[in-house]
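Asks: Submitted below is the structure of interest, expressed as structure tokens.
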Amino acid sequence: MIAAKVIDNIWATRKADSLVGLKFMLVEILGGLDAGRLIIAADTISAGIGDRVLVSLGSSARKMMDREDVPIDAAIVGIIDEDCTF
Amino acid sequence: MIAAKVIDNIWATRKADSLVGLKFMLVEILGGLDAGRLIIAADTISAGIGDRVLVSLGSSARKMMDREDVPIDAAIVGIIDEDCTF
Amino acid sequence: MIAAKVIDNIWATRKADSLVGLKFMLVEILGGLDAGRLIIAADTISAGIGDRVLVSLGSSARKMMDREDVPIDAAIVGIIDEDCTF
Amino acid sequence: MIAAKVIDNIWATRKADSLVGLKFMLVEILGGLDAGRLIIAADTISAGIGDRVLVSLGSSARKMMDREDVPIDAAIVGIIDEDCTF
Amino acid sequence: MIAAKVIDNIWATRKADSLVGLKFMLVEILGGLDAGRLIIAADTISAGIGDRVLVSLGSSARKMMDREDVPIDAAIVGIIDEDCTF
């Protein structure tokens, strides 16, 4: 997983049918060489803008969905505790 | 997913049989450290040149196809709304 | 796999149900061009802070779990021997 | 997919049994931030040195094979038309 | 695949049960933008230090194993012929 900060919502009215109803958020990777890299992740755990989150990439992101056929490659899987410094 | 801008069509007359009939587009990643990275993505949702799109990478791209055996690793899965600023 | 050093624990109280009970650790890639890249990996083999570990990425990380539906994309799979210099 | 130019043949007499008979080619990524990155791809569509090709990476590359157990992570899936400028 | 040079053995006495008996080698990517990147790959074809090898990454690496549940994401799949220049 990577640690990232939620920056904004992303809206895409025209999209794959299997993505309808999903919430997408722009996140920015925190720390290390990848800091500043931007990813758009599906969010099913109600993350908010400003939250630091754990993002899972690739086929593992699909494990956050109820079905196997959703074409996402990034998903927020956890929200890092506020008092967790790193 | 990554946010990207559609730059051009890509034509490949000689290709794998399972790719015949698919539309391929050159997209350029927008924003962050990856800005300027180029990807060729399959498009099944009628994106146009200049559109900002969501692109899914890896095995998830194949979920945009009706069959599991299509050798693509990138697909346009959504078109970002024009009034969505980020 | 990549070689990495365990830097810290990562705490995320709010997370996917399938992640409850898993231990997450921040690791930093050692050596080469990727040195300094940060990853958050699941740990099931009791690695400690300061250990040099082998981290497996992508779908292979899920093979460390008892179930296939855990949305992790990085896992510690081994602890490099202390007298192994490289 | 990425666009790449075929640079050379790669010969490996000692290799996994499942790779015997496969043709491997060194390709160099064209354009964008990744220009100059080198990949070795399996070729089943008779690409030649100097051709510009589409290369599929990861599990999708295996979809070019008749069997699922071939350990390749890159395959040439198309040859870009000569009059296609981008 | 990527072309890499075998640098050293990696020893990890404490590791996942499914990794016991596997040989791990540190390899360094050769050529192009990725030159100098380090990977630890499983070796089942008796590569030696100094050999130039083909390394397969991701889920494809698992195809070198007899079982599907081995948590490796990199495997040596071939040894580049000594007289192959590139």
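Residue numbers (the numbering used here), protein chains in the order written: chain R, 1 to 86; chain F, 101 to 186; chain H, 201 to 286; chain L, 301 to 386; chain W, 401 to 486. The beta carbon of each residue, even a glycine, is placed where N, CA and C say it ideally should be. Quantities reported herein were computed from a predicted structural model and do not represent experimental measurements.
1. Just the chain H side, please: which residues come within less than 8 Å of W/L426 by C-beta, in chain order?
2. Below 7 Å between beta carbons: does that hold for L/R337 and L/I345?
3. Using the C-alpha atoms, what's the distance from R/I40 back to F/A193?
4. Looking at the C-beta of L/K323, does it have a partner C-beta in chain F at a distance below 7 Å?
5. Just to confirm before moving on: does the CB-CB distance between L/V377 and L/I349 stay below 7 Å?
6. In this structure, does DSSP put H/M265 in helix, strand or coil?
7. Pull up the CB-CB distance for H/P271 and R/M25, whole angstroms please, since I reckon it's below 8 Å.
8. Can you tell which of H/V227, H/F286 and H/A274 has its C-alpha closest to the C-alpha of H/N209?
9. Where does H/V220 land, buried or exposed, given buried means 16+ other C-beta within 10 angstroms?
10. Give me the Cα-Cα distance between L/I380 and F/R114, rounded to the nearest whole angstrom.
11. Have a look at H/G253 and H/A247 and give me their C-alpha separation to the nearest angstrom.
12. Using the Cβ count rule (16 or more neighbours within 10 Å means buried), how would you classify L/D334?
13. Taking C-alpha atoms, which residue in F/D183, F/D169, F/A161 and F/S159 lies nearest to F/D151?
14. When the Cα atoms are used, what is the spatial distance from R/G32 to R/S60?
15. Alpha carbon to alpha carbon, how far is R/L57 from H/L222?
16. If you draw a straight line from the alpha carbon of H/A212 to that of L/A342, how long is it in whole angstroms?
17. At the 7 Å Cβ level, is L/D381 part of the contact set with chain F, yes or no?
18. Under the three-state reduction of DSSP, which class applies to L/S318: helix, strand or coil?
19. Leaving out five residues before and five after H/I202 in sequence, what residues of the same chain have Cβ atoms less than 6 Å from its Cβ?
20. Mind listing which residues of the region 326-344 of chain L have their C-beta closer than 9 Å to chain F's C-betas, in chain order?
21. Kindly list the residues whose CB is nearer than 8 Å to the CB of H/D269, restricted to its own chain and excluding five residues on each side of it in sequence; keep chain order.
22. May I ask you to list the residues that DSSP assigns as paired with R/V27?
23. Select from the region 43-74 of chain R all residues with a C-beta closer than 9 Å to any C-beta belonging to chain F, and list them in chain order.
24. With which residues is L/G378 paired in a DSSP beta bridge?
25. At the level of alpha carbons, what is the spacing between L/R367 and L/T385?
Replies: So, to answer that:
1. At a beta-carbon threshold of 8 Å, the residues of chain H lying near W/L426 are A203 and F286, ordered along the chain.
2. No, Cβ-Cβ distance for L/R337 and L/I345 is not below 7 Å.
3. It is not possible to answer for residue 193 of chain F, since the shown part of chain F is limited to 101 through 186.
4. No, no contact with chain F.
5. Taking 7 Å as the Cβ cut-off, L/V377 and L/I349 do not qualify as a contacting pair.
6. The answer is coil: DSSP assigns H/M265 none of H, G, I, E or B.
7. The C-beta separation of H/P271 from R/M25 comes to about 16 Å, leaving the pair out of contact by the 8 Å criterion.
8. For the residues H/V227, H/F286 and H/A274, the minimum Cα distance to H/N209 belongs to H/V227.
9. Exposed is the call here.
10. Distance between the alpha carbons of L/I380 and F/R114 is about 8 Å.
11. Note that residue 253 of chain H is Val in the sequence shown here, rather than Gly. Distance between the alpha carbons of H/V253 and H/A247 is about 8 Å.
12. Classification for L/D334: buried.
13. Ranking F/D183, F/D169, F/A161 and F/S159 by Cα distance to F/D151 puts F/D183 first.
14. If you take the alpha carbons of R/G32 and R/S60, they lie about 22 Å apart.
15. Their backbone Cα atoms lie some 18 Å apart in a straight line.
16. Spanning the two alpha carbons is a distance of roughly 42 Å.
17. So, interface residue.
18. Three-state result, L/S318: helix.
19. Here H/I202 has I229 and V255 as same chain residues with Cβ atoms under 6 Å from its own Cβ, once five neighbours each way along the sequence are excluded.
20. Against chain F - using a Cβ distance shorter than 9 Å - the residues of the region 326-344 of chain L are I329, L330, G331, G332, L333, D334, A335 and T344.
21. So the qualifying residues of the chain are S218.
22. DSSP, once it has assigned bridges, lists R/V6 and R/I39 as partnering R/V27.
23. For the region 43-74 of chain R, the residues whose beta carbon sits under 9 Å from a beta carbon of chain F are, in order, L57, G58, S59, A61, R62, E68, D69, V70, P71, I72, D73 and A74.
24. For L/G378, DSSP records a beta bridge to F/K115 and L/L354.
25. One alpha carbon belongs to L/R367, the other to L/T385, and they sit about 35 Å apart.
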